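So the structure is just underneath, and the comments pick up after that.
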Amino acid sequence: MAQWSQVQQLEQRFLEQVDQFYDDTFPMEVRHQLASWIESQDWDAASNSDSLATILLQNLMIQIEDQLNRVSQEKNLLLRHNLKRIKQLLLGKYHGNPMHMAMIVSNCLREERRILAAASMPMQVCAEYLCTLIYFIYSICKM
Numbered sequence: 001m002a003q004w005s006q007v008q009q010l011e012q013r014f015l016e017q018v019d020q021f022y023d024d025t026f027p028m029e030v031r032h033q034l035a036s037w038i039e040s041q042d043w044d045a046a047s048n049s050d051s052l053a054t055i056l057l058q059n060l061m062i063q064i065e066d067q068l069n070r071v072s073q074e075k076n077l078l079l080r081h082n083l084k085r086i087k088q089l090l091l092g093k094y095h096g097n098p099m100h101m102a103m104i105v106s107n108c109l110r111e112e113r114r115i116l117a118a119a120s121m122p123m124q125v126c127a128e129y130l131c132t133l134i135y136f137i138y139s140i141c142k143m
């Protein structure tokens, strides 16, 4: 399952953590609309390479433009308005420093993974405990 799909299925307390690191530096709306594309890019490498970061910024703008065309056909006025605003915001903010954008996206994805790991931790501990308990009961019954 894609990372963003997993994030959306988290409990409310974890979703609140996710909500804290998506803001105007990298809006959640872009993350949501372009989830699979974003996850398929190498943001870590781009955060250390100006040329790669520039290409990713240009490609991000193309992806947003494609979404704008799609939502225009669907006549989704609110989403169209928000995406236009976000595109201008991101271009204005990162045109001169695309590596900074790549670093922010990379950090957002890393934070999502950290939260997903934390959310699954109790289940892993519970599963390990359950396996131990079943083995213990099995051992007793075998005597």
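At position 100 of the sequence shown (counting the first as 1) the number is 100 in the UniProt record's numbering, and the numbers step up by one without a gap.
Virtual Cβ for every residue (Gly too), placed ideally from N, Cα, C.
Everything numeric in this text was worked out from a predicted model, so none of it was measured.
The alpha-carbon of V105 is positioned some 7 Å away from that of F26.
Taking F21 as reference, the option from S120, C108, L90, L77 with the minimal CA-CA separation is C108.
DSSP assignment within the stretch 10-75 yields the following whole alpha helix (DSSP H) runs of 4 residues or more, N-terminal first: 12-21, 28-33, 35-39, 43-46, 50-73. G96: not part of any alpha helix (DSSP H); DSSP gives it neither H nor E.
In this structure, the CA atom of L34 is about 22 Å from the CA atom of A117.
Note on Q73: under 16 other CB atoms within 10 angstroms of its CB, so exposed under the neighbour-count rule. Nearest C-alpha to S36 among D24, A2, D50: A2.
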